[in-house]
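Mapping to our numbering: the sequence shown position 145 is 145, numbers consecutive.
Cβ coordinates follow ideal geometry from the N, Cα and C atoms, glycine included.
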Amino acid sequence: MSEIVLASQTPPRLHILVIWVPFSLGSSSSSEEDVAFLKALPKAELHAHLNGCIPLECLQTLARDFKVTTSPSSGDQNNSNDNLARVVANGLRMLEEGIVLEEINQFFDLFPAIYALTSTPTTLRIATRAVLEQFLKPGWTGRVDEPAQCDYLELRTTPRENEHMTKREYLEAVLDELDLYPRTMCNLIVSLDRRMEEQTMMEIVGIAIKLKEEGRRVVGIDLCGTPSAGKADSFLPALQYARENGLKLTLHIAETKENTQQDVMTLLSAEPSRLGHATFLDEATQAIVLANKDKMAVEICLSSNLLCNTVNDLKDHHINWWLENGLRLAICTDDTLVFRNSLVEEYALLMAQPPLGLGLSREAITKVAETSLQVGFQQ
Numbered sequence: 001m002s003e004i005v006l007a008s009q010t011p012p013r014l015h016i017l018v019i020w021v022p023f024s025l026g027s028s029s030s031s032e033e034d035v036a037f038l039k040a041l042p043k044a045e046l047h048a049h050l051n052g053c054i055p056l057e058c059l060q061t062l063a064r065d066f067k068v069t070t071s072p073s074s075g076d077q078n079n080s081n082d083n084l085a086r087v088v089a090n091g092l093r094m095l096e097e098g099i100v101l102e103e104i105n106q107f108f109d110l111f112p113a114i115y116a117l118t119s120t121p122t123t124l125r126i127a128t129r130a131v132l133e134q135f136l137k138p139g140w141t142g143r144v145d146e147p148a149q150c151d152y153l154e155l156r157t158t159p160r161e162n163e164h165m166t167k168r169e170y171l172e173a174v175l176d177e178l179d180l181y182p183r184t185m186c187n188l189i190v191s192l193d194r195r196m197e198e199q200t201m202m203e204i205v206g207i208a209i210k211l212k213e214e215g216r217r218v219v220g221i222d223l224c225g226t227p228s229a230g231k232a233d234s235f236l237p238a239l240q241y242a243r244e245n246g247l248k249l250t251l252h253i254a255e256t257k258e259n260t261q262q263d264v265m266t267l268l269s270a271e272p273s274r275l276g277h278a279t280f281l282d283e284a285t286q287a288i289v290l291a292n293k294d295k296m297a298v299e300i301c302l303s304s305n306l307l308c309n310t311v312n313d314l315k316d317h318h319i320n321w322w323l324e325n326g327l328r329l330a331i332c333t334d335d336t337l338v339f340r341n342s343l344v345e346e347y348a349l350l351m352a353q354p355p356l357g358l359g360l361s362r363e364a365i366t367k368v369a370e371t372s373l374q375v376g377f378q379q
């Protein structure tokens with residue numbers, strides 16, 4: 001048996017503390033009022049990846065119980081299991097010590113450990129339950145009077161298949177946990193990875209459609225993964241298949257400068273209802289978005305963009321273009337495990353004065369929050 005050795009102590013939040021200090025630690029009554037306002041504000045979380053939002057404490061618990069059963073007759077199997085144990089231990093150590101990313105593609109190196117710890121229906125349900133509680137349960141910070149992070153959640157995940165579960169069983173495990181909450185509080189978006197073959201994408205969309213027809217709460221399809229992987233043309237059949245069967249689309253798009261205009265144009269031709277990040281739209285693609293401003297919204301993840309170094313600072317963040325042009329947007333967390341953020345803290349970035357934030361008024365922030373509830377796929 002190979003066992004996981006964990007670090008003994010979880011470090012404090014690192015990056016977000018600098019931004020959050022003017023609110024949470026301020027001595028003036030106005031700061032306390034601002035914090036209370038942001039916490040109580042009705043809002044939706046529309047861009048939260050299941051495996052990127054598992055609370056660290058939950059992963060640590062799963063890791064303590066994680067054992068790789070080795071085969072005494074197979075030296076290769078022993079080596080493979082030892083390697084898996086090291087992957088999990090190293091991944092947990094990185095998450096516990098805090099992540100420093102030099103560029104966005106390093107982000108994806110964190111997930112093999114997480115996938116190993118959620119590789120059975122039982123562990124996946126445990127992780128999903130912890131994520132849902134983190135967003136939807138009052139008192140999530142440990143204070144009984146603390147409101148839930150959001151009023152509505154669209155959780156997204158890419159189904160995986162292994163010796164313990166099929167892709168459908170993966171999604172059913174997640175949906176079983178969502179079913180513990182009213183439909184008005186949470187629904188599921190099924191994600192496709194840009195690295196997938198077209199046949200696999202079609203298979204997953206077919207499963208999502210079938211689950212939706214059976215009354216399960218699948219509301220949309222997401223396209224995600226390494227931004228430079230695959231060819232956009234090959235994604236279109238699956239995306240069209242989803243739309244034709246009543247599933248709305250949200251697409252990670254223009255995340256890096258390496259994403260070509262052709263890639264972005266092709267994805268926009270799929271007629272998505274929402275765009276993920278949309279950091280590097282050029283004039284031509286901006287024009288398409290402006291022409292469809294009543295049909296399209298963007299999911300803005302401020303901390304994610306800053307920490308993945310796709311945006312240098314908030315002054316130059318593309319949210320400013322969306323706000324200036326009156327386009328619909330939703331403020332989101334993306335991956336709370338990695339970025340150590342919360343939805344309230346993301347909204348704090350809207351309110352904090354420059355250079356720590358955008359300096360928006362309460363009225364403007366309320367409008368953003370209201371819009372997030374309006375552009376959910378449950379409508």
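Which residue wins for smallest C-alpha separation from residue 233, given the options 129, 35, 256 and 260? Residue numbering aside, residue 233 sits at position 233 when the sequence shown is read from its first letter. Taking only the C-alpha atoms, the option nearest residue 233 is 260.
Please look up how many angstroms separate the CB atoms of residue 343 and residue 368, rounded, as I've assumed it's under 8 Å. Along the sequence shown, read from residue 1 onward, the residue named residue 343 stands at position 343. Along the sequence shown, read from residue 1 onward, the residue named residue 368 stands at position 368. Residue 343 to residue 368, Cβ: 12 Å. No contact.
Do you know offhand how far residue 111's Cα is from residue 264's? Residue mapping note: residue 111 aligns to position 111 of the sequence shown, counting from 1. Residue mapping note: residue 264 aligns to position 264 of the sequence shown, counting from 1. Each residue's Cα considered, the two are about 26 Å apart.
8 Å Cβ cutoff met for residue 167 and residue 207: One-based indexing of the sequence shown puts residue 167 at position 167. One-based indexing of the sequence shown puts residue 207 at position 207. The answer is yes: Cβ separation under 8 Å.
Straight-line gap, residue 162 to residue 90 (C-alpha atoms, nearest Å): Locating residue 162 in the sequence shown gives position 162, counting from the first residue. Locating residue 90 in the sequence shown gives position 90, counting from the first residue. Cα to Cα, the separation comes out at about 22 Å.
Residues near residue 175 by beta carbon distance below 8 Å, same chain, minus five either side: Residue mapping note: residue 175 aligns to position 175 of the sequence shown, counting from 1. 188, 211, 216, 217 and 218.
Of the residues 281, 312, 114 and 293, the one placed nearest residue 258, counting alpha carbons only: Indexing the sequence shown from 1 puts residue 258 at position 258. Of the listed residues, the one whose Cα sits closest to residue 258 is 281.
Is the beta carbon of residue 132 sitting closer than 8 Å to the one on residue 181? Here residue 132 is taken as the residue at index 132 of the sequence shown, counted from 1. Here residue 181 is taken as the residue at index 181 of the sequence shown, counted from 1. Taking 8 Å as the Cβ cut-off, residue 132 and residue 181 qualify as a contacting pair.
With a 10 Å radius around its C-beta and 16 neighbouring C-beta atoms as the bar for buried, classify residue 358 as buried or exposed. The count along the sequence shown starts at 1 and reaches residue 358 at position 358. Under this definition residue 358 is a buried residue.
Taking 8 Å as the threshold (C-beta atoms), are residue 205 and residue 254 in contact? Translated into the one-based positions of the sequence shown, residue 254 becomes position 254. Translated into the one-based positions of the sequence shown, residue 205 becomes position 205. Contact flag unset, no.
Looking at the unbroken alpha helix (DSSP H) that takes in residue 156, where does it start and where does it end? Indexing the sequence shown from 1 puts residue 156 at position 156. Segment 152–157 is the beta strand (DSSP E) holding residue 156; no alpha helix (DSSP H) there.
Can you give the beta carbon distance from residue 249 to residue 288, rounded, assuming they're within the 8 Å contact cut? As a working note, residue 249 is residue 249 in the sequence shown. As a working note, residue 288 is residue 288 in the sequence shown. In fact, because the Cβ distance is near 15 Å, the residues do not count as touching under 8 Å.
I need the straight-line Cα distance from residue 339 to residue 291, nearest angstrom please. As a first step, residue 339 is located in the sequence shown; it is residue number 339 there, counting from the start. As a first step, residue 291 is located in the sequence shown; it is residue number 291 there, counting from the start. Rounded to whole angstroms, residue 339 to residue 291 spans 33 Å at the Cα level.
Buried or exposed for residue 194, please, with buried defined as at least 16 other CB atoms from any protein chain shown within 10 angstroms of its CB. Mapped onto the sequence shown, residue 194 falls at position 194. It is buried - the Cβ of residue 194 has at least 16 other Cβ atoms within 10 Å.
Say whether the segment 138–148 touches the segment 346–358, bearing in mind that this needs 3 or more beta-carbon pairs closer than 8 Å, one atom from each stretch. no
For residue 61 and residue 157, I'd like the C-alpha separation in whole angstroms. Position 61 of the sequence shown, counting from 1, holds the residue named residue 61. Position 157 of the sequence shown, counting from 1, holds the residue named residue 157. Their backbone Cα atoms lie some 21 Å apart in a straight line.
Per-residue DSSP class, three states only, for residue 311: The residue you call residue 311 lines up with position 311 of the sequence shown. Coil at residue 311, not helix or strand.
What does a CB cutoff of less than 7 Å around residue 24 pick up in its chain, not counting 5 residues either side in sequence? Taking the first residue of the sequence shown as position 1, residue 24 is located at position 24. Confidence is the limiting factor: at residue 24 the pLDDT is only 42, short of 50, which leaves the residue's position unreliable, though a coordinate-based value still follows. Cβ within range, chain order: 35.
Note down, in chain order, each residue of its chain lying with its Cβ closer than 6 Å to the Cβ of residue 134, except the 5 sequence neighbours on either side. Reading the sequence shown from its first residue, position 134 is the one you call residue 134. Only 55 and 140 meet the Cβ criterion.
From residue 53 to residue 337, what does the alpha carbon distance come to, in whole angstroms? Here the question's residue 53 lines up with position 53 in the sequence shown. Here the question's residue 337 lines up with position 337 in the sequence shown. C-alpha separation (whole angstroms): 5 Å.
Taking the continuous beta strand (DSSP E) assigned at residue 191, which residues delimit it? Here residue 191 corresponds to residue number 191 of the sequence shown, with the count starting at 1. Looking at the DSSP string, the run of the beta strand (DSSP E) that includes residue 191 is 186–193.
Determine the burial state of residue 326: buried for a count of at least 16 other Cβ atoms within 10 Å of its Cβ, exposed for fewer. Counting from one through the sequence shown, the residue named residue 326 turns up at place 326. Burial call: exposed.
Beta carbon of residue 252, beta carbon of residue 279: below 8 Å? Position 252 of the sequence shown, counted from the start, is the residue given in the question as residue 252. Position 279 of the sequence shown, counted from the start, is the residue given in the question as residue 279. The answer is no: Cβ separation not under 8 Å.
Can residue 92 and residue 63 be called in contact, C-beta distance under 8 Å? One-based indexing of the sequence shown puts residue 92 at position 92. One-based indexing of the sequence shown puts residue 63 at position 63. Yes. Within cutoff.
Closest residue to residue 223 among 118, 244 and 267 (Cα-Cα distance): What you label residue 223 is simply residue 223 of the sequence shown in a count that begins at 1. The residue with the shortest Cα to Cα distance from residue 223 is 267.
To the nearest whole angstrom, what separates the beta carbons of residue 44 and residue 152, a pair I think is in contact under 8 Å? Numbered from its first residue, the sequence shown carries residue 44 at position 44. Numbered from its first residue, the sequence shown carries residue 152 at position 152. That pair is a contact at about 4 Å.
Three-state secondary structure (DSSP) of residue 220: The residue labelled residue 220 in the question sits at position 220 within the sequence shown. Strand, per DSSP.
Candidates 235, 128, 118 and 361: closest to residue 199 by CA position: As a working mapping, residue 199 is identified with position 199 in the sequence shown. Ranking the options by Cα distance to residue 199, first place goes to 235.
At what residues does the beta strand (DSSP E) containing residue 54 begin and finish? For the purposes of this step, residue 54 is taken as the residue at position 54 of the sequence shown. First-last for residue 54: undefined, no H or E at that position.
If I measure Cβ to Cβ from residue 304 and keep anything under 7 Å in the same chain, skipping five residues before and after, which residues do I get? For the purposes of this step, residue 304 is taken as the residue at position 304 of the sequence shown. Cβ neighbours of residue 304 beyond the five flanking positions: 334, 335 and 339.
Our contact map puts residue 202 next to residue 147 with C-beta atoms below 8 Å; I'd like the distance itself, whole angstroms only. Start at 1 with the first residue of the sequence shown, and residue 202 comes out as number 202. Start at 1 with the first residue of the sequence shown, and residue 147 comes out as number 147. Not quite, the Cβ-Cβ distance comes to about 41 Å (not below 8 Å), so this is no contact.
Could you give the residue range of the beta strand (DSSP E) that holds residue 298? What you label residue 298 is simply residue 298 of the sequence shown in a count that begins at 1. Segment 297–300, the beta strand (DSSP E) holding residue 298.
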